[in-house]
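Here the sequence shown is numbered in UniProt numbering, starting from 1 and rising by one per residue.
Even glycine gets a Cβ: it sits at the ideal position worked out from N, Cα and C.
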Amino acid sequence: MVSYTRKHQDIVIRGVDAIGEILKSANAVEKRSILFCLDKYLDPYFWYNLPYFDEIIVLLEKHLFEKHDKEVKEDILQLLTDY
1 MVSYTRKHQD IVIRGVDAIG EILKSANAVE KRSILFCLDK YLDPYFWYNL
51 PYFDEIIVLL EKHLFEKHDK EVKEDILQLL TDY
């Protein structure tokens with residue numbers, strides 16, 4: 001089961017560099033948690049309108065081709081196709 005906490009929300013709020021650090025260095029569970037949290041912030045239903053939305057998409061595109069577990073890549077692809 002994948003979930004996220006306030007810590008993950010804080011990382012998303014801090015911006016692309018903080019998100020990128022998690023995607024580069026964390027274990028698969030943490031990566032999937034930050035990606036799950038991103039789903040909330042990227043979804044227009046919740047009205048977050050992050051000013052760095054485009055940069056997040058570019059970051060996700062880049063990490064789609066990095067070495068990650070299959071589940072992490074599937075989560076990245078899901079975000080890219082949804083948003």
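Could you tell me the boundaries of the alpha helix (DSSP H) in which residue i lies?
{"i": "aspartate 82", "result": "70 to 82"}
{"i": "alanine 26", "result": "Taken as a continuous stretch (DSSP letters only), alanine 26 belongs to no alpha helix (DSSP H), as it is neither H nor E."}
{"i": "aspartate 54", "result": "53 to 64"}
{"i": "aspartate 10", "result": "6 to 14"}
Which whole-angstrom value describes the C-beta separation of residue i and residue j, a residue pair presumed to lie in contact below a C-beta threshold of 8 angstroms?
{"i": "residue 84", "j": "valine 2", "result": "No answer is possible for residue 84: the residues shown for the chain start at 1 and end at 83."}
{"i": "leucine 42", "j": "leucine 79", "result": "6 angstroms"}
{"i": "leucine 38", "j": "isoleucine 13", "result": "Leucine 38 to isoleucine 13, Cβ: 11 angstroms. No contact."}
query: Three or more beta-carbon pairs under 8 angstroms between the stretch 17 to 36 and the stretch 65 to 76, yes or no?
result: By the criterion of at least three beta-carbon pairs nearer than 8 angstroms, the stretch 17 to 36 is in contact with the stretch 65 to 76.
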